[in-house]
Every structure is written in C-alpha cells, then in structure tokens.
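Data first, discussion second: the structure below is written as structure tokens.
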Amino acid sequence: MSKEMLVCDHVTKIFTSGFIKKIEVKAVDDVSFTVREGEIISLIGQSGSGKTTLGKIILRLIPPTSGRVLFYGKDIWRDIKTKEELKEYWRQVHAVFQNPMGSFNEFYKVDRVLNQALELIGVDPKSEEGMLLKEESLKAVGLNPDEILGKYPHQLSGGQLQRVMIARSWILRPKLLIADEAVSMLDVSTRGKIVEIFKELRNKLGSSIIFISHDIGLSYFISDRIFIMYKGKIIEEGTPQEVIDNPKHEYTKTLVESVPTIYRKWEDFLEV
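Quick note: the sequence shown uses UniProt numbering, first residue 1, plus one each step.
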C-alpha cells in the first residue's frame, strides 16, 4: 500500500461577520481524511459546501479555526515557520484554479508563469536547461511550444491557458496538486482532455491530486476515492463505484441523479 502523504485531522473553519451581532458560519466542519502517494481523490459538492475553503487551508492560504493538516507528518500551520520553508511547501503542494485567465497578467507573455516555476526550482529560465524544460512541459500537456511561447494570454484559448498552468505544475513536479474546479469553465471535450492530463501527472510523475469539483460525473472517471461534502461536512466517502453506484445519503443521490451521462464510456466522453 502506498505511503500516507496528507492528513486532515478534524479540520474546522469558522468565519465570523458582523460588528454588533456576531454571526458565525462553519465553512468546514470537523473534516478528517487522508491522501496517499499517487492517489487521486475528489472533493465533491455544490457551491457553499466548503470544498474550496478546505483546499485553501491545505494550500496554507487561510488557517483552520481548529484541527491539523499534516504533510508527511509535519503540521503545515505550526511547523512551517520561515519563508524558505513555506516556499518549499508551495513547490511540493501546488494548485490549478478555476479561471485560467485569472492566473495570468495580461501585460506579460505566458512564458512568465513557466519562468517563475523554473526559478522556484533554481533553474535559469534563459539557460538551455530552462528552455528545454519549458518545451518539455508544454509537450507533456499536448501543446506545441512554437504556438505558445511568446504569446500573450488573450492570444490563447481558455483550454490552452489551463494547459499552460498544468505545464507549470509539470515543471515543479509537485507531490500534491490541488485542482480547484480546474475544468469547470472549459467546454466538455476540453474537460476530458485536461482530466486525462491530470491522470498523466499521476502516472508519470507520481503526483497525488485533490480534484475539487461539483461535477460528480467527471470525478467518477478520474478518482480513486470520492468524498462528498455538504454544509462543511464529509457525508459520504468511498471508491467511485461505492459512492456513485450505491449512494446512501440523500444529497449524494441528488447529485448522481443530476448527471444522466455518468455511466457513459470514458472514450465516448472524450469524443464529445
């Protein structure tokens, strides 16, 4: 059995608002789960279920109110104390977000995000090694470097930009990649291709992936395990077959019923 990489241990996040009368909202409510090396898990839930907040806690962007997140046994909120340690954590735990355009500065060429990744691993982007790594990463995600390098974000499609962000991850070779609604803004056929690239990241680099999505149908095809989130809690978990073929919670049943194409062959899905 593969080694345990990430542990979320009774993680809770409470947001407070209001000056006179305090209002508390539990965005994440006592969540515990593990991620093993080379495993793809999905956090599934509709908007407001707490899945993105949980992802931000794991990325060390917002602190939990209580509970722990352990990465190879190290508490990421207590044991990471220096900028250098935090930089190394972000190299090993990386993210691809929902809106690819939001990850780029329109005034810079798309090369910039790849150059930043090279600098994180100590490689000069202008060196021969740096150029080769950029070309290799783009080819790995199905892009032609000659058609991408030197272009501005507005000159590329959303699918191309999302692949550039995954190419950035390819350069960093993260141990854990968090894909937060990373395909939700793309057309159906491009979604399938991006999901296949995520699987390649796992198969070729050994990266674990947390796939955060509201699309339980897509998660059926990519995941080793699925966690259903509802009102901040994990209400159901198991393999895709256990959760989707035999849902127990009424919320899960509703999600499954809303995806009529869930049992289509994966090859057909890619050809849509």
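We treat Cβ as the ideally placed atom computed from N, Cα and C, and that holds for glycine.
Fair warning: this is a prediction, and the values are worked out from it, not measured in the lab.
Provide the residue span of the alpha helix (DSSP H) that contains Y89, from first to last. Position 89 of the sequence shown, counted from the start, is the residue given in the question as residue 89. That run of the alpha helix (DSSP H) goes 83-92.
Is E237 helix, strand or coil by DSSP? Position 237 of the sequence shown, counted from the start, is the residue given in the question as residue 237. DSSP places E237 in strand when its eight states are reduced to three.
According to DSSP, is G67 helix, strand or coil? Within the sequence shown, numbered from 1, the residue matching residue 67 stands at position 67. In this structure, G67 counts as strand in the three-state DSSP scheme.
Indicate, with yes or no, if the ligand NAD has a heavy atom lying under 6 Å from the CB of V164. No copy of the ligand NAD appears in this structure; indeed no ligand is present at all.
Name the one or two DSSP bridge partners that K13 has. The residue given as residue 13 occupies position 13 in the sequence shown. V28, per the DSSP bridge assignment.
Take V183 as the anchor and find which of D9, Q98, R36, G18 has the nearest alpha-carbon. Locating residue 183 in the sequence shown gives position 183, counting from the first residue. Among D9, Q98, R36, G18, the Cα nearest to that of V183 is on Q98.
Measure how close the beta-carbons of L172 and H94 come, nearest whole angstrom, since I'm counting them as under 8 Å. For this step, residue 172 is matched to residue 172 along the sequence shown. For this step, residue 94 is matched to residue 94 along the sequence shown. 6 Å between Cβ atoms; contact.
Can you give me the Cβ contacts of D151 inside the same chain, cut-off strictly under 8 Å, excluding the 5 residues immediately before and after it? In the sequence shown, counting from the first residue as 1, residue 151 sits at position 151. The residue you asked about is not Asp; residue 151 is Lys in the sequence shown. Excluding positions up to five away in sequence, the list reads K109, V110.
By how many angstroms is the C-alpha of V113 removed from the C-alpha of D124? Here residue 124 is taken as the residue at index 124 of the sequence shown, counted from 1. Here residue 113 is taken as the residue at index 113 of the sequence shown, counted from 1. Roughly 13 Å between the two C-alpha positions.
7 Å Cβ cutoff, R36 in contact with chain B: This model lacks chain B altogether, as it is built from one protein chain only.
What does DSSP give as the partner residue(s) for L43 in the beta ladder? Your numbering for residue 43 matches position 43 in the sequence shown. Answer is I212, F227, bridged to L43.
With DSSP run on the structure shown, which of helix, strand or coil describes F19? As a first step, residue 19 must be located in the sequence shown, where it is residue number 19. Of the three classes helix, strand and coil, the one that applies to F19 here is coil, per DSSP.
Going by DSSP, name the residue or residues bridged to T34. Along the sequence shown, one-based indexing puts residue 34 at 34. Per DSSP, V7.
Quick check on K74: does DSSP put it in helix, strand or coil? By one-based count along the sequence shown, residue 74 stands at place 74. Reduced to three states, the DSSP call for K74 is strand.
Excluding sequence positions up to five away, which residues of its chain have a Cβ less than 8 Å from the Cβ of I148? Here residue 148 refers to the residue found at position 148 of the sequence shown. Excluding sequence neighbours, I148 sits near V110, L138, L156, Q160, V164.
Sequence-distant residues of its chain with Cβ nearer than 6 Å to G73 (five each side left out): On the sequence shown, residue 73 is found 73 positions in, with the first residue counted as 1. Same-chain partners within the cutoff: there are none.
Beta-carbon contacts of Y56 that lie in its chain and below 7 Å, excluding the five residues immediately before and after: For the purposes of this step, residue 56 is taken as the residue at position 56 of the sequence shown. First, the residue type needs correcting, since residue 56 is Lys and not Tyr in the sequence shown. Once the five neighbours on either side are set aside, the close Cβ partners of K56 are I62.
Reduced DSSP secondary structure (H/G/I, E/B, other) of A140: Sequence index remark: in the sequence shown, residue 140 carries index 140 (1-based). DSSP, reduced to helix, strand and coil, places A140 within a helical segment of the structure shown.
Compare the Cα-Cα distances from F104 to each of L120, E128, P153 and report the closest residue. In the sequence shown, counting from the first residue as 1, residue 104 sits at position 104. Of L120, E128, P153, the residue nearest in Cα terms is P153.
Sort out for me which residues DSSP pairs D180 with in a bridge. Here residue 180 corresponds to residue number 180 of the sequence shown, with the count starting at 1. In DSSP, D180 forms a bridge with I212.
For L176 and S169, believed in contact at Cβ under 8 Å, the rounded distance: Counting from one through the sequence shown, the residue named residue 169 turns up at place 169. Counting from one through the sequence shown, the residue named residue 176 turns up at place 176. That belief does not hold up - the Cβ atoms of S169 and L176 are roughly 10 Å apart, past 8 Å.
Own chain partners of E106 with C-beta closer than 8 Å, once the 5 adjacent residues on each side are dropped: Working through the sequence shown from its first residue, we reach residue 106 at position 106. Once the five neighbours on either side are set aside, the close Cβ partners of E106 are Y152, P153, H154.
Those residues which DSSP pairs with A95 across a bridge: Numbered from its first residue, the sequence shown carries residue 95 at position 95. Per DSSP, I178.
Where do the ends of the alpha helix (DSSP H) carrying Q203 lie? Working through the sequence shown from its first residue, we reach residue 203 at position 203. According to the sequence shown, residue 203 is Asn rather than Gln. That residue, N203, is in no alpha helix (DSSP H); it is neither H nor E in DSSP.
In whole angstroms, give me the CA-to-CA distance for R191 and E200. Against the sequence shown, residue 191 aligns to sequence position 191. Against the sequence shown, residue 200 aligns to sequence position 200. Answer to the nearest angstrom: the Cα atoms are 14 Å apart.
I'd like the span of the alpha helix (DSSP H) that includes M101, first residue to last. Looking up residue 101 in the sequence shown gives position 101. Looking at the DSSP string, M101 is not in any alpha helix (DSSP H), and its letter there is neither H nor E.
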